[in-house]
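Taken in sequence, the protein lines are chains A and B.
When you line the first sequence up against numbering that gives the first Met the number 0, it's residues 0 to 43, in that order.
When you line the second sequence up against numbering that gives the first Met the number 0, it's residues 0 to 487, in that order.
Each remark here refers to the structure printed beneath this line.
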Amino acid sequence: MSGGAWALFAVIGGYIWGGFALFLTLALRKERGKDAAAGRPPSP
Amino acid sequence: MSASSESASRFTNRWTMLLVMLGMAVGTGNIWRFPRIAATNGGGTFLVPWAVFLLSWSVPLLLCEFAMGKGTRRGPVGAMVALLGDGWAWVGGWIALCATLIMFYYSVVSGWCVRYFVAAVAGELPGSDPGALWAGYAASWTSFFTMLVALGIGLYVVARGVRGIEAAARVLMPVLLALVVVLALRAVTLPGAERGLAFLFTPDWPALTNSRIWLEALTQNAWDTGAGWGLALAYATYMRAREDTTINAFVLGFGNNSISLLAGIMVLCTIFSIRPEAHAEIVGAGNNGLTFIWMPQLFGAMPGGRFFMALFFLALFFAALTSLISMIELGARTLIDRGMRRGRAIAVIGAAAVVCGAPSALSLSFFTNQDSVWGVGLMLSGLLFGIAVLRYGVDRFRERFVNSPGCDMTIGRWWNVAMGLVVVEALVLLAWWLGQTLLGVGLRASLDPLREWSLGTFLLQWGIALALLLAFGRRLARQPADPDPGAP
Chain A
0 MSGGAWALFA VIGGYIWGGF ALFLTLALRK ERGKDAAAGR PPSP
Chain B
0 MSASSESASR FTNRWTMLLV MLGMAVGTGN IWRFPRIAAT NGGGTFLVPW AVFLLSWSVP
60 LLLCEFAMGK GTRRGPVGAM VALLGDGWAW VGGWIALCAT LIMFYYSVVS GWCVRYFVAA
120 VAGELPGSDP GALWAGYAAS WTSFFTMLVA LGIGLYVVAR GVRGIEAAAR VLMPVLLALV
180 VVLALRAVTL PGAERGLAFL FTPDWPALTN SRIWLEALTQ NAWDTGAGWG LALAYATYMR
240 AREDTTINAF VLGFGNNSIS LLAGIMVLCT IFSIRPEAHA EIVGAGNNGL TFIWMPQLFG
300 AMPGGRFFMA LFFLALFFAA LTSLISMIEL GARTLIDRGM RRGRAIAVIG AAAVVCGAPS
360 ALSLSFFTNQ DSVWGVGLML SGLLFGIAVL RYGVDRFRER FVNSPGCDMT IGRWWNVAMG
420 LVVVEALVLL AWWLGQTLLG VGLRASLDPL REWSLGTFLL QWGIALALLL AFGRRLARQP
480 ADPDPGAP
């Protein structure tokens, strides 16, 4: 693969997969925070 | 509604809700359409507008659907009436009807995946004549039978209510994600796979001025995320009161496109490793040709190919089934909102699917016609969502339904701009797709309503649907105060 192809792979892969990982982590962390605030055991 | 019946009709937790929503969004469009469209539109060049439209079409529309469903606790018809009054019932009716008509022929597609999974396990594939199985199977009574199998599974799941949908997603989605990752890893470790990666990720920057690439990228986002279909709205009626809409819309949009990107790597690396000289012919063979004729041959030529072929068709079936479940739920939800009990609604939807899906199972020409007419009709659904929010007032909608107390992430005025963009994008897409029908076959032929793909068939079928919805709009708007919440 050329340098340009590797660069686009990093940018698109980082944006799509990285974005998914980031938002999923954020969503589950916020959920745990709400569980803790409500005094409930954390969701799986 | 009592507290116990309310909790019985809500998703158990966020994780399960996200699995259910991802199941809705991830379908065959991610696995068979994305790699083909990316490959025929410049590979790396296509990925740039595709990534842009994720944030200017898919996420804003998903957010809108989540907020409407959770805010009104009704399907598309009830949500539009609650937001804008009885006169907007036909708008919700169009959204529900369009997705339900797609469900009729999508159950045929799901059946095809069942048949090919069985064929891969039984060693019938690839066979000595690559297209023989497809030629003898598609448009046959066996195709109708496999449609019934897929439809039966989907109806059984939805008949059990939100708990049934959750149970299916808890099993199907983790397995589907694992299968896609395993298949992608297998593909990138094949000899010569780097040519597929290079094809998918090499940009041709001057080609970004080609409007067709942008329109295809927008179409791909419109079709494979499920944004604007009304499906996310129907599922959002089961969101818990404390559930957030914004962050979940981002997870869903990015999660869906993550699967598409993996599928693109999986399919293109396999093609470029096994038959690099025929890549243009393979990706130009259409969804059915690529999936049901070429993929078995490619897997057949790879070490351990039969095993990976079975995994591929199993993944395809799981992707199709989870989307089919969401379409059945949307149809059922529309009837339940009118006061029908869930069991009866499922029976009505099931009977309609058998009768209306049969022509698509028995004729590929009819299937292609329905796929075109209602696939493009979805862009009208997206447009109507955008117009509804603009009519209600974007600021008002945002403050009342999205940035509500307890939300995890507030959204700013960028969403106002995004919803305006959605309307413009939908108008451009509709004009382009309808223009394609004129340019493709000429004005005279394009007005013929009996052709598979023509302006005439679009206008005739849309016209009948709209006339019926407008005629019965007021009746549609009449809904009981507290419909069946989601328990079986």
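Note that the Cβ used here is the ideal one computed from N, Cα and C, for glycine as well.
Here Val76/B has Ala88, Gly91, Gly92, Ala95, Thr333, Asp336 and Leu475 as same chain residues with Cβ atoms under 7 Å from its own Cβ, once five neighbours each way along the sequence are excluded. Taking a Cβ-Cβ cut-off of 7 Å, the neighbours of Phe253/B in chain A comprise Ile15, Gly18, Phe19 and Phe22, given in sequence order.
Bounds of the alpha helix (DSSP H) holding Arg341/B are Arg341 to Leu361. Listed by position along chain B, the residues whose Cβ is nearer than 7 Å to that of Gly3/A are Thr201 and Pro202. One alpha carbon belongs to Thr436/B, the other to Val421/B, and they sit about 23 Å apart.
Distance from the Cα of Trp31/B is smallest, within the candidate group Ser272/B, Gly288/B and Ala470/B, for Gly288/B. Exposure of Ile463/B is indicated by the presence of fewer than 16 other C-beta atoms within 10 angstroms of its C-beta.
The DSSP-derived three-state label of Gly303/B is coil. At least one CB of chain B lies nearer than 8 Å to the CB of Ala26/A. Within the region 232-254 of chain B, contact with chain A at the beta-carbon level (separation under 8 Å) is assigned to Arg241, Asp243, Ile246, Asn247, Phe249, Val250, Phe253 and Gly254. Within the region 172-246 of chain B, the runs of alpha helix (DSSP H) at least 4 residues long that lie entirely inside it are, in chain order, 192-200, 210-223 and 230-235. Shown here, Asp370/B sits in a helix according to DSSP, grouped into three states. Chain order gives the chain A residues near Asn256/B as Ile15, where near means a beta carbon separation below 7 Å.
Annotated three-state conformation of Gln478/B is coil, per DSSP.
Distances from the CA of Arg169/B to each of Val19/B, Leu124/B, Arg390/B and Thr456/B were compared; the closest alpha carbon is that of Val19/B. Boundaries cannot be given for Arg73/B, as no alpha helix (DSSP H) includes it and DSSP labels it neither H nor E.
From the listed residues Phe384/B, Phe396/B and Gly392/B, the smallest Cα separation to Leu426/B is found for Phe384/B. With 16 or more other Cβ atoms from the protein chains shown falling within 10 Å of its own Cβ, Ala119/B counts as buried. For a cut-off of 8 Å, the C-beta gap from Glu280/B to Ile36/B is around 16 Å, too long to register as a contact.
Among the residues facing chain A, Arg35/B is not included, as its CB has no counterpart in that chain under 8 Å away.
By the rule that beta-carbons nearer than 8 Å mark a contact, Gly411/B does not touch chain A. At the C-beta level, Val107/B and Ser142/B come within 8 Å of one another. Straight through space, the alpha carbons of Pro404/B and Arg31/A are spaced by roughly 17 Å.
Closest by C-alpha distance to Met326/B, out of Ala352/B, Phe307/B and Pro302/B, is Ala352/B. Contact of Ala50/B with chain A by beta-carbon distance below 9 Å involves Val10, Ile11, Tyr14 and Ile15. Apart from sequence neighbours up to five positions away, the residues of its chain that approach Leu267/B with a beta-carbon distance below 7 Å are Pro34, Ala38, Gly195, Phe198 and Leu199, ordered along the chain.
Contact between the region 51-61 of chain B and the region 247-261 of chain B is present: 3 or more CB-CB pairs across the two stretches fall below 8 Å. Of the candidates Gly28/B, Arg211/B and Ala131/B, the residue whose Cα lies closest to the Cα of Pro48/B is Arg211/B. If you check the CB distance, Val161/B and Tyr237/B come in under 8 Å.
Following the DSSP letters along the chain, one finds Asn415/B inside the alpha helix (DSSP H) bounded by residues Trp413 to Val440. Under the three-state reduction of DSSP output, Ala36/A falls in the helix class. Glu193/B reaches chain A at Met0, counting residues in chain order whose Cβ is nearer than 8 Å. Collapsing the DSSP output to three states places Asn40/B in coil. Flagged as an interface residue toward chain A: Trp14/B, by a C-beta distance shorter than 8 Å.
In the structure shown, Trp452/B adopts coil according to DSSP, grouped into three states.
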